[in-house]
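One structure below.
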Amino acid sequence: MPNAAARTALLDHLRSTLPGRVIDEVPGAEGPIEDRAPGFRIFRIHPAHPGDWWLYVTSGCWEATQQDGHGTEFFLAAPRDEWTNLESVTMNAYYHCGPVRQRLDVGHTVPIGRPWLDDSACDHYLVSLPYPMGPEFEVHTWEGGDHARILWLLPITEAEKDFRREGGLEALESLFDEHEIDPVDPGRASVV
189 MPNAAARTAL LDHLRSTLPG RVIDEVPGAE GPIEDRAPGF RIFRIHPAHP
239 GDWWLYVTSG CWEATQQDGH GTEFFLAAPR DEWTNLESVT MNAYYHCGPV
289 RQRLDVGHTV PIGRPWLDDS ACDHYLVSLP YPMGPEFEVH TWEGGDHARI
339 LWLLPITEAE KDFRREGGLE ALESLFDEHE IDPVDPGRAS VV
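Here it is as structure tokens:
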């Protein structure tokens, strides 16, 4: 049975940090996610205005993987609402909720297995801090002191993944800043 307090706290957190946005609770992509995260759902957050980002936030990773009341959820930002975004978030949740050695954290990369959207050169996700959402978005706490950290699934290219491995996360993030990337542009060029 899903943890109602965790799910309610996450939804309240999203409403307070993203005021006025429509938030739908939808199932993840069909498949074995229920085996690892029973009751898994995704909060699909509509753009605040035309041209703004769609957001997809997992709900259920915390419960499946938490230790001592501390766990992780993930979000993906996208330029438009598509089923492939739900599939991507579900796939990452399934991986994260598997054996402990698969837990995702800041700096980890995950292959998508296809272009992110359209014919994007981005075919991996970098697990990152939720920089565009602000520091208040990252951690939410609820009754009893339990808390979840919300990390960003940032689409990156294979060359960027390799650069992160060789040069480190900070060097890659500096290149993103230097090139002023649009993180939701499927057509963006690699920074390396």
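All residue numbers for the sequence shown refer to my numbering, where the first residue is 189 and numbers rise by one.
Yeah, the Cβ is synthetic: ideal placement off N, Cα and C, and Gly gets one too.
Inset, instruction - Determine the burial state of W271: buried for a count of at least 16 other Cβ atoms within 10 Å of its Cβ, exposed for fewer. - result: Exposed: under 16 other Cβ atoms inside 10 Å.
Legend entry - Proximity of A281 and G375 at Cβ, strictly below 8 angstroms: In this structure, G375 does not lie closer than 8 angstroms to A281 by Cβ.
Inset, instruction - Just mark T129 as buried or exposed, buried being the case when its beta carbon has 16 or more other beta carbons within 10 Å. - result: Because residue 129 is not part of the residues shown, which for the chain are 189 to 380, the question remains open.
Legend entry - Buried versus exposed call for D334 [16 or more other C-beta atoms within 10 Å across all chains shown]: D334 is buried by the Cβ-count criterion.
Inset, instruction - For the beta strand (DSSP E) holding Y244, just list the boundary residues, first then last. - result: Per DSSP, the unbroken beta strand (DSSP E) holding Y244 starts and ends at W242 to S247.
Legend entry - Residues near Q255 by beta carbon distance below 6 angstroms, same chain, minus five either side: Closer than 6 angstroms at the Cβ level, and outside the excluded window around Q255, lies no residue.
Inset, instruction - Can you grab the Cα-Cα spacing for the pair W304 / T345, in whole Å? - result: Taken atom to atom, the span from the alpha-carbon of W304 to that of T345 is near 9 angstroms.
Legend entry - Assigned exposure category for S316 - 16 Cβ within 10 Å defines buried: Classification for S316: buried.
Inset, instruction - Would you identify the three-state DSSP class for V379, choosing helix, strand or coil? - result: Here V379 sits in coil by DSSP.
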